[in-house]
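Trainee: Numbering (this note's numbering), first residue to last: 2 to 424.
Let me begin by handing over the structure; questions about it come next.
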Ligand SMILES: [Zn+2]
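What follows is the structure in structure tokens.
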């Protein structure tokens with residue numbers, strides 16, 4: 002019996018719209034879509050950068066093949082492209098599936114990729130696109146992309162439709178602000194809506210890198226490469242396998258014609274924080290959780306600790322916030338614990354090194370010790386009632402701060418003014 006097939010075919014697109022038909026083995030057809038919005042831009046040039054005209058781009062369907070590979074692997078179906086893909090992609094995607102099958106044989110099967118032929122992208126392309134969420138990893142990557150661009154254009158690409166952002170009515174406001182700040186440093190923000198999470202994802206926390214790379218691929222028409230940011234240092238990344246970005250399968254989602262490189266595997270979170278600490282634009286763009294940085298959750302706290310150790314006492318993007326991070330925090334799973342563990346030693350080293358120096362770092366030493374107790378189970382968390390109390394407190398504070406931030410946004414985003422004037 003022959004293996005089932007998942008077929009990918011072109012659909013008519015145009016300026017700012019790219020789409021493909023996905024035929025599943027059971028007869029169901031899904032449409033994978035990318036749509037570039039331009040209503041967040043205030044400048045005169047609002048023409049979209051994406052071009053979904055398959056005639057013009059040589060019929061390249063690499064983007065859709067990458068986007069749906071998690072579903073094909075999950076269904077145990079071969080991936081058949083009714084069109085062409087970039088050179089070498091058939092082999093790379095097959096290898097991708099073999100590795101993922103090795104990690105999660107219960108979820109993913111190895112597959113074959115077939116296509117009508119290979120495409121050659123136009124030679125006269127230059128510049129790069131950078132996946133941009135506003136988080137520490139993407140800001141660090143964006144800075145690197147600018148440094149190595151040698152004057153060629155750099156475009157930041159934000160995706161709308163991944164995880165919580167889809168429901169987030171403030172996303173457009175956040176994008177407008179980001180576009181303004183980025184414009185000030187000569188970078189255009191492309192805002193791309195995607196329905197990938199409904200069409201191509203099996204489990205978004207595990208496979209979202211394929212959706213991300215899939216959305217960057219169509220920029221290969223005009224740009225010569227793309228960047229994404231690694232979440233963790235190489236050593237830590239291995240603990241998180243199998244998980245979205247990783248040093249083992251990242252390079253298998255793109256070809257040499259339009260390489261999508263992951264930057265940051267050789268940098269710790271603290272090094273990234275130090276990298277952006279001296280850059281006012283990055284500090285103003287920093288977006289850690291939701292539309293607002295709650296300042297309370299584990300992710301906000303770890304980012305603030307990193308920035309604090311780098312000498313930034315009040316990051317402007319945390320708006321209404323205390324000058325120092327909390328002396329306690331709520332770590333809810335082993336992964337968060339691993340990230341914190343990797344941060345404590347270097348943070349403490351910096352605090353020790355500045356023992357005669359800034360008051361801020363001196364305070365950090367004290368706060369560090371308090372947290373150290375809790376994390377290592379020597380602090381108040383050993384008392385059963387304290388931990389739920391902290392959790393309760395954090396939840397209340399988060400809600401309260403969320404309500405305050407929303408109010409501030411209603412008053413036309415005044416919290417940004419301080420930064421905007423500085424820039
Ligand atoms: Zn938060």
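We put the CB at the ideal spot given by N, CA and C, even for glycine.
Here the structure is a predicted model, which means the values were calculated and not measured.
Measure from the alpha carbon of residue 266 to the alpha carbon of each residue in 251, 214, 154, then state which is nearest.
Mentor: The option with the nearest alpha carbon to residue 266 is 251.
Trainee: Just reading off the beta strand (DSSP E) that residue 30 is part of, what are its end residues?
Mentor: Taken as a continuous stretch (DSSP letters only), the beta strand (DSSP E) holding residue 30 covers 30 to 38.
Trainee: Which first and last residues belong to the beta strand (DSSP E) in which residue 11 is found?
Mentor: Its beta strand (DSSP E) spans residues 6 to 11.
Trainee: Can you tell me which of the three DSSP states residue 259 falls into?
Mentor: Correct three-state label for residue 259: coil.
Trainee: Which residues share a DSSP beta bridge with residue 160?
Mentor: According to DSSP, which records beta bridges pairwise, residue 160 is partnered with 193.
Trainee: In the DSSP output, which residue or residues are listed as bridge partners for residue 214?
Mentor: Answer is none; residue 214 lacks a bridge partner.
Trainee: In chain order, what residues of the same chain lie with their CB nearer than 8 Å to the CB of residue 335, ignoring the 5 residues before and after it?
Mentor: Result list for residue 335: empty, nothing under 8 Å.
Trainee: Cα separation between residue 227 and residue 137?
Mentor: When rounded, the distance between both Cα atoms is 18 Å.
Trainee: May I ask whether a heavy atom of ligand 1 can be found less than 7 Å away from the beta carbon of residue 19?
Mentor: Incorrect: residue 19 has no Cβ contact closer than 7 Å to ligand 1.
Trainee: I'd like the list of long-range same chain contacts for residue 273, defined as Cβ closer than 6 Å, with 5 residues on each side in sequence excluded.
Mentor: For residue 273, where only same-chain residues beyond five positions count, the Cβ hits under 6 Å are 137, 141.
Trainee: Report all residues from its chain with a CB closer than 7 Å to the CB of residue 419; omit the five preceding and five following residues, and keep chain order.
Mentor: Its pLDDT being 39, under 50, residue 419 is placed unreliably in this model, and the coordinates cannot settle the point.
Trainee: For the putative contact between residue 297 and residue 174, defined by C-beta atoms under 8 Å, what is the C-beta separation to the nearest angstrom?
Mentor: That pair is no contact at about 21 Å.
Trainee: Taking the alpha-carbon positions, what's the residue 91 to residue 85 distance?
Mentor: Computed Cα separation, rounded: 10 Å.
Trainee: Taking only three categories from DSSP, how would you classify residue 110?
Mentor: The answer is coil: DSSP assigns residue 110 none of H, G, I, E or B.
Trainee: Just verifying my parser: in three-state terms, what is the DSSP assignment at residue 144?
Mentor: DSSP places residue 144 in helix when its eight states are reduced to three.
Trainee: Please go through the segment 27 to 98 and give each complete beta strand (DSSP E) segment of 3 or more residues, from N-terminal end onward.
Mentor: Listed in chain order, the complete beta strand (DSSP E) runs (minimum 3 residues) inside the segment 27 to 98 are 30 to 38, 79 to 87.
Trainee: Go ahead and label residue 218 buried or exposed: buried means 16 or more other beta carbons lie within 10 angstroms of its beta carbon, across all protein chains shown.
Mentor: Result: buried.
Trainee: Enumerate in chain order the residues of its own chain whose CB-to-CB distance from residue 344 is below 8 Å, with the five nearest sequence positions on each side excluded.
Mentor: These residues qualify, in order along the chain: 269, 270, 271, 303, 306, 307.
Trainee: Apart from the five residues on each side of it in sequence, which residues of its chain come closer than 6 Å, Cβ to Cβ, to residue 214?
Mentor: Cβ neighbours of residue 214 beyond the five flanking positions: 67, 254, 261.
Trainee: When you compare each of 133, 348, 108 to residue 231 by their alpha carbons, which one comes out closest?
Mentor: When only C-alpha atoms are compared, the closest one is 133.
Trainee: Looking at residue 136 and ligand 1, is the gap between the Cβ and the nearest heavy atom below 7 Å?
Mentor: No; taking the cut-off as 7 Å, the Cβ of residue 136 has no heavy atom of ligand 1 nearer than that.
Trainee: Can you grab the Cα-Cα spacing for the pair residue 5 / residue 63, in whole Å?
Mentor: Using only the alpha carbons, I get a separation of about 20 Å.
Trainee: Give me the residue from 176, 105, 26 with the minimum Cα distance to residue 242.
Mentor: The shortest Cα separation from residue 242 among 176, 105, 26 belongs to 105.
Trainee: Using the DSSP secondary-structure output, state which residues sit across from residue 23 in a beta bridge.
Mentor: The partner list for residue 23 (beta bridge, DSSP) reads 9, 31.
Trainee: Using 10 angstroms around the beta-carbon of residue 45, count the other beta-carbons present and answer buried if the total reaches 16, otherwise exposed.
Mentor: Exposed is the call here.
Trainee: Grouping DSSP H, G and I as helix and E and B as strand, with all else coil, what is residue 343?
Mentor: Helix.
Trainee: Helix or strand or just coil, what does DSSP make of residue 409?
Mentor: Note: residue 409 maps to helix in three-state DSSP.
Trainee: Measure the beta-carbon distance from residue 34 to residue 196 and round it to whole angstroms, keeping in mind my assumption that it falls under 8 Å.
Mentor: Indeed, because the Cβ distance is near 5 Å, the residues count as touching under 8 Å.
Trainee: Going by DSSP, which residues form a beta bridge with residue 115?
Mentor: DSSP output for residue 115 lists 81 as bridge partner(s).
Trainee: Return the CA-CA distance between residue 423 and residue 21, expressed in angstroms with no decimal places.
Mentor: Because the pLDDT at residue 423 is just 36, under 50, the model does not fix this residue reliably, and the value given afterwards should be weighed accordingly. Their backbone Cα atoms lie some 44 Å apart in a straight line.
Trainee: Can you tell me whether DSSP reads residue 381 as helix, strand or coil?
Mentor: Annotation note: pLDDT 45 at residue 381 (below 50); position unreliable, no value reported.
Trainee: For ligand 1, any of its heavy atoms closer than 7 Å to the Cβ of residue 294?
Mentor: Because some heavy atom of ligand 1 lies under 7 Å away, the Cβ of residue 294 counts as near it: yes.
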